[in-house]
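Participant: Before I ask anything, let me first share the structure, which is written out below as structure tokens.
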Amino acid sequence: MLRELQMGLTNAALHDSPSAVLDHVQVARGSREKRVRVYRVNVINSLTDVLAAAFPVVQRIVGARFFRAMAKTFIEAHPPREPMLYRYGGALPEFLDTYDPAKDVPYVAAVARLEWARVQAYFAADAEPLDAQRLAAVEPEALEGVTFAVHPAVHVISAEFPVFKIWQVNQPQVTDIPRIDLTRAEAGVVFRRGHEVVQRAISKSFAAWLTALAKGEALGTATELAAADNDFDLQDALRQTLADGVFTDISA
Amino acid sequence: MLEFASGSPSAAWLEIHSENFLAPGGPRMAQLEAARSHYPISCHGVGLSLGSAEGVSDAHLARLRTLIERVEPVLVSEHLSFSVIDGIYVNDLLPLPYTEEALDTVAANIAHAQDTLGRQILLENPSSYLAFTHSTISEWEFLDAVTQRTGCGLLLDVNNVYVSAVNNGFDAEQYLDAIPAHAVGEIHLAGHLVDGDGEDQVLIDTHGDTVCDAVWRLYEHVIQRIGPRPTLIEWDTDIPELGVLLSEADRAQDVLDDAAPNGDHAQRGPACVA
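So the protein sequences, as listed, match chains C and U. Each residue of the first sequence is one higher than the one before, starting from 1 at the first, in the numbering used here. Each residue of the second sequence is one higher than the one before, starting from 1001 at the first, in the numbering used here.
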């Protein structure tokens, strides 16, 4: 009996279908439906607030009313599977890819990916950044074979849209949003500097290089891959990533 | 949590929502680490789902155990409710029927949790918006039976008693007079929302307002009966200026002082830090 009752109340709260539980509900006065609905409202509102906190730019782009309606559909289809709600919402970018009502804002899923990367960066494990001297100490002929361990907070973003620009102009303090060329693709990296989540737009080739290194490719292979684009500058990429604490370790 | 990392606000102890502090690293964990060097910490969980017919998650228990080893809390508490079914977490404290079957389930889950965590849990009474026709005993009888079977303690939320009493039509004073005094290890106070009119009126536990007069009277009543207990004012939505919060905490302290004028064990705490 307990399990059936719990299933019934969960369905009422999550899917607004209280029929299985209503007959078993007792209240001091008033409507039983309204009492069951309190749980429905609590669940949807609290999870919507969790999503709104994780995806503030998405909310700003689509507006609060649209966001709440979208969130309700998302929550019903993808309820949390664990009680750590700072990890809830990772499925939202993919959900937005095919969410028909948002098709007029085709870049919103890409923005959601950037915002989710920022949330993950915030809660990622701590790790000491790599001391640049260790790379400098590698024999020149061994450099090609070096592999890197990437900091747990680092996320490489490759988007078909200028997501970093869109993110920037949709911060709360920006009131006058400039026109943006939405056809321009953008890549970038999200990382943590001390306790602050930082993002930096980088070239497509830089992103390809970093992605290859993060997958465990050796420096030589990653650089060859990136050099397919003429604009790749290895020294610049190394200097930037070392300064940003993107790596934590190397093995030569 | 940030404001407590420095250790400057005056507070006897801090309470955290355990599930907000299970990340492997990052700023929030660092602030907790800093705060815990200044204040005793109480870990208040909302995700264990002690009432689940399917049992509690061993994965979640393992995470809580790691947090407990890291923080070394003075108190660990959870709720008399369920929130997990088939691995789905609904993020609310859903009510249980008070039956023999539910009692067996809750007692087994608490025993398993206490064994795994290696310590006693305080069980908090929930705010309820409905009751079940299946129930054969009262909530206070249920709580008493659970403490006897498992040795767990109670986190008595006086606002929750009041909210449930009004919504479900029982006598809050009778409840407070019946709970086992020795088992109560902590008390919560909070504000609630009065929603709707007439017979559809329902009290909703929001933690977003001052403690109402009726709840203050019940608090005085129970402290007179059982003696002083560590008391926390929960206020985690529409958080007011610190002064409003402190005056609520002062009022609770006055009640505790009246019950034990020379006692030094009557502690108070600030609002629950998420």
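Idealized CB from N, CA, C, for every residue including glycine. The model shown is predicted, which means the values in this text are computed figures rather than measured ones.
Do the CB positions of C/A214 and C/V156 come within less than 8 Å of each other?
Facilitator: Yes, Cβ-Cβ distance for C/A214 and C/V156 is below 8 Å.
Participant: Measure the C-alpha to C-alpha separation of C/A125 and U/D1058 and round it to an integer number of angstroms.
Facilitator: Near 22 Å, if we compare the C-alpha coordinates of U/D1058 and C/A125.
Participant: At the level of alpha carbons, what is the spacing between U/A1274 and C/T221?
Facilitator: The pLDDT assigned to U/A1274 is 45, lower than 50, so where the model puts this residue is not dependable; a value taken from the coordinates is nonetheless given after this. The straight-line gap from Cα to Cα measures roughly 46 Å.
Participant: Taking only beta carbons into account, state which residues of the stretch 123–138 of chain C come closer than 7 Å to chain U, listed in chain order.
Facilitator: The stretch 123–138 of chain C vs chain U, Cβ under 7 Å: F123, A124, A125, D126.
Participant: Across which residues does DSSP place U/D1042 in a beta bridge pair?
Facilitator: Strictly speaking, residue 1042 of chain U in this sequence is Ser, with Asp absent from that position. Answer is U/E1015, U/L1075, bridged to U/S1042.
Participant: Could you please give the first and the last residue of the uninterrupted alpha helix (DSSP H) stretch that includes U/E1248?
Facilitator: Looking at the DSSP string, the run of the alpha helix (DSSP H) that includes U/E1248 is 1242–1259.
Participant: Would you list, in chain order, the members of the stretch 1006–1023 of chain U that have their beta-carbon closer than 8 Å to a beta-carbon of chain C?
Facilitator: Correct list: E1019, N1020, L1022, A1023.
Participant: I need the DSSP call for C/I61, collapsed to helix, strand or coil.
Facilitator: DSSP places C/I61 in helix when its eight states are reduced to three.
Participant: Can you list the alpha helix (DSSP H) stretches of 4 or more residues lying completely in the stretch 19–58 of chain C, in chain order?
Facilitator: Complete alpha helix (DSSP H) runs here, min 4: 19–22, 32–54.
Participant: Within the same chain, show all residues whose beta-carbon is closer than 7 Å to that of C/A109, passing over the 5 residues directly before and after it, in chain order.
Facilitator: These residues qualify, in order along the chain: P93, L96, D97.
Participant: Output needed for C/F123: all residues of its chain with C-beta closer than 8 Å, excluding positions within five of it in sequence on either side, in chain order.
Facilitator: Cβ within range, chain order: Y86, R87.
Participant: Pick helix, strand or coil for C/T248, following the three-state DSSP scheme.
Facilitator: Reduced to three states, the DSSP call for C/T248 is strand.
Participant: Tell me whether U/A1266 sits in a helix, a strand or coil according to DSSP, three-state version.
Facilitator: Unreliable placement is indicated for U/A1266, whose pLDDT of 49 sits below 50; no coordinate value is reported for it.
Participant: Taking U/S1128 as the reference, give the member of C/R35, C/S17, C/Q120 with the closest Cα.
Facilitator: The candidate whose alpha carbon is nearest that of U/S1128 is C/R35.
Participant: Please state whether DSSP places C/A228 in a helix, a strand or coil.
Facilitator: C/A228: coil per DSSP, three-state reduction.
Participant: Compare the C-beta of U/G1169 against all C-beta atoms of chain C and say whether one is closer than 8 Å.
Facilitator: Closer than 8 Å: yes.
Participant: Would you verify that the beta carbon of U/L1094 is, or is not, closer than 8 Å to some beta carbon of chain C?
Facilitator: Yes, its Cβ sits closer than 8 Å to a Cβ of chain C.
Participant: Give the residues of chain U in contact with C/K165, contact being defined as C-beta atoms less than 9 Å apart.
Facilitator: By Cβ distance, chain U contributes nothing, its closest Cβ being about 26 Å from C/K165, past 9 Å.
Participant: Beta-carbon separation of U/N1091 and C/S46 under 8 Å?
Facilitator: Yes; because the gap between Cβ atoms is below 8 Å, this pair is in contact.
Participant: Excluding sequence positions up to five away, which residues of its chain have a Cβ less than 6 Å from the Cβ of U/T1150?
Facilitator: Closer than 6 Å at the Cβ level, and outside the excluded window around U/T1150, lie A1107, I1110, A1111.
Participant: For U/A1165, which residues of its own chain have a beta-carbon under 8 Å away from its beta-carbon, when the five flanking residues on both sides are left out?
Facilitator: These residues qualify, in order along the chain: D1171, A1172, Y1175.
Participant: Could you check if C/Q59 is buried or exposed, using at least 16 other CB atoms within 10 Å of its CB as the buried criterion?
Facilitator: C/Q59 should be labelled buried.
Participant: Is it the case that the stretch 1182–1199 of chain U contacts the stretch 1131–1141 of chain U, given that we only count it when at least three CB pairs across the two stretches are under 8 Å?
Facilitator: Judged by Cβ distances under 8 Å, the stretch 1131–1141 of chain U makes no contact with the stretch 1182–1199 of chain U, as fewer than three pairs qualify.
Participant: Which residues in chain C sit within 7 Å of U/T1109, going by Cβ to Cβ distance?
Facilitator: The sequence shown places Asn at residue 1109 of chain U, rather than the Thr named in the question. Correct list: empty, because the minimum Cβ distance to chain C is about 12 Å.
Participant: Given a limit of 7 Å on CB to CB distance, which residues of the stretch 34–58 of chain C reach chain U?
Facilitator: Those residues of the stretch 34–58 of chain C that come within reach of chain U (Cβ to Cβ, closer than 7 Å) are K34, R35, V36, V38, Y39, N42, V43, S46, L47.
Participant: Please go through the same chain and pick out, in chain order, the residues whose beta-carbon is closer than 6 Å to the beta-carbon of U/A1266, but skip the five residues on each side of it.
Facilitator: Bear in mind that a pLDDT of 49 at U/A1266, under 50, signals an unreliable position, so the model cannot answer this.
Participant: Going by beta carbon distance, what residues of the same chain come within less than 6 Å of C/Q240, once the five residues before and after it are set aside?
Facilitator: Same-chain partners within the cutoff: there are none.
Participant: Is U/D1200 helix, strand or coil when you go by DSSP?
Facilitator: Helix at U/D1200.
Participant: In whole angstroms, what separates the C-alpha of C/R118 from that of C/N42?
Facilitator: Those two C-alpha atoms are separated by around 27 Å.
Participant: For chain C, check one thing: does any of its Cβ atoms lie closer than 8 Å to the Cβ of U/A1131?
Facilitator: It does: the Cβ of U/A1131 has a partner Cβ on chain C nearer than 8 Å.
Participant: First and last residue of the beta strand (DSSP E) that includes C/F161?
Facilitator: C/F161 -> no beta strand (DSSP E), and no H or E assigned at all.
Participant: Mind listing which residues of the stretch 1033–1049 of chain U have their C-beta closer than 9 Å to chain C's C-betas, in chain order?
Facilitator: Those residues of the stretch 1033–1049 of chain U that come within reach of chain C (Cβ to Cβ, closer than 9 Å) are G1045, V1046, G1047, L1048, S1049.
Participant: Please confirm whether U/A1274 has its beta-carbon closer than 8 Å to some beta-carbon of chain C.
Facilitator: Its pLDDT being 45, under 50, U/A1274 is placed unreliably by the model, and nothing is read from it.
Participant: What residues in the stretch 74–92 of chain C have a beta carbon less than 8 Å from any beta carbon of chain U?
Facilitator: The stretch 74–92 of chain C vs chain U, Cβ under 8 Å: P79, P80, R81, E82, P83, M84, L85, Y86.
Participant: Output the distance between the C-alpha atoms of U/C1212 and U/P1097, rounded to the nearest integer angstrom.
Facilitator: Roughly 28 Å between the two C-alpha positions.
Participant: So, is the C-beta of U/H1060 closer than 8 Å to a C-beta in chain C?
Facilitator: True, the Cβ-Cβ gap to chain C drops below 8 Å.
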